[in-house]
Ligand code: NAP
Ligand code: GLV
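In the UniProt record's numbering, the protein residues as written are 1 to 313.
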């Protein structure tokens, strides 16, 4: 009755937390001498090729993050259910990030940072208030809806876009190809919180940015992407920033990670970069969540947040 931890990160913090939350189990890591027949669960992020093979009694694969593209691209992924992270610790971190960056643009904080460096006292005009700014969230799932609720508390005019139609109380919700243009036409700040799938790869491109609202109060459309780097076409982001199609961008995720030193995004004056840490999986909260899922399963209840392999998320 063992759990195998297969991560590309430092292993020890994860092993310690799993031992605390599953004290009656063997917690093993790749490289240990363990019986593969005894492994019932795997907790993994970016498993190396071969690390998940030959586990005949596997009952679940736990993704240590919300996204599962790292598993969908794994050759020979075992057939066991994939359970992803959807719990408050991660969700709240993402909403903090979205509120921070939307407010940063609303209140022109980057301009004031420059003014401070130049010792320039420039109160200028009153900025718009949040109620005058339309935020559009692409990916209106667990993270998108929580961010929407918190941005709404700040006063932003928020709508969501998803693959399938949904009704979310208090928000305009758009769906699918049919709803995309209307959604973009009413959006000043575009937040991307979608999974990476064959349908979403490269979706954040010039033709999409051109449909964003041009009559907003922020001087041009703004992109915030914390979904996945391969949702975006970085060459298009750069050229759209340069010709005014986009006003600014906050990027937490990149086509290649870590972002190469040679990328012009690093030094672009209207790009804000964070190192894929908008919503980090914190080991304590994540191990507690996975232990709860294991206990549910062993009590005969269904796992929560099971990935639909056909959809890819
Ligand atoms: P989720 O609950 O599964 O929500 C995904 C949303 O995206 C759903 O609304 C879904 O539509 C929509 N979607 C999927 N494919 C689409 C398509 N082709 N067209 C339109 N909408 C589409 O996932 P979540 O927990 O919110 O997480 C979302 C993503 O955030 C993860 O997959 C991961 O890539 C990213 N993430 C990043 C970080 C970070 O640190 N940067 C941390 C955590 C997660 P339906 O509602 O119709 O299914
Ligand atoms: C992080 O990127 C996650 O998917 O949780």
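Glycine included, every Cβ here is placed at the ideal spot set by N, Cα and C.
Bridge pairing for residue 223: 190 and 249 [DSSP].
When the five nearest sequence neighbours on each side are left out, the beta carbons in the same chain lying within less than 8 Å of the beta carbon of residue 38 are those of 1, 2, 26 and 57, in order along the chain. Taking the Cβ atoms as the reference, residue 158 lies roughly 14 Å from residue 166, outside the contact range of under 8 Å. By the neighbour-count definition (other C-beta atoms within 10 Å, threshold 16), residue 199 is an exposed residue.
By the C-beta density criterion, residue 300 is exposed, having fewer than 16 other C-beta atoms within 10 angstroms.
DSSP places residue 18 within a helical segment (H, G or I) once states are collapsed to three. Using a Cβ distance threshold of 8 Å, residue 193 and residue 139 count as a contacting pair. Inter-residue distance for residue 184 and residue 263 is about 28 Å (C-alpha atoms, whole angstroms).
The region 207-215 and the region 173-191 touch, with three or more beta-carbon pairs separated by less than 8 Å. Partner residues in the beta bridge of residue 62, as assigned by DSSP, are 43 and 83. Judged by beta-carbon spacing, residue 94 lies beyond the 8 Å limit of residue 64, meaning their Cβ atoms are not closer than that value. Rounded to whole angstroms, the Cβ separation of residue 173 and residue 162 is 7 Å, and the two are in contact under 8 Å. In this chain, residue 69 is not harboured by any beta strand (DSSP E); it is covered by the alpha helix (DSSP H) spanning 69-72.
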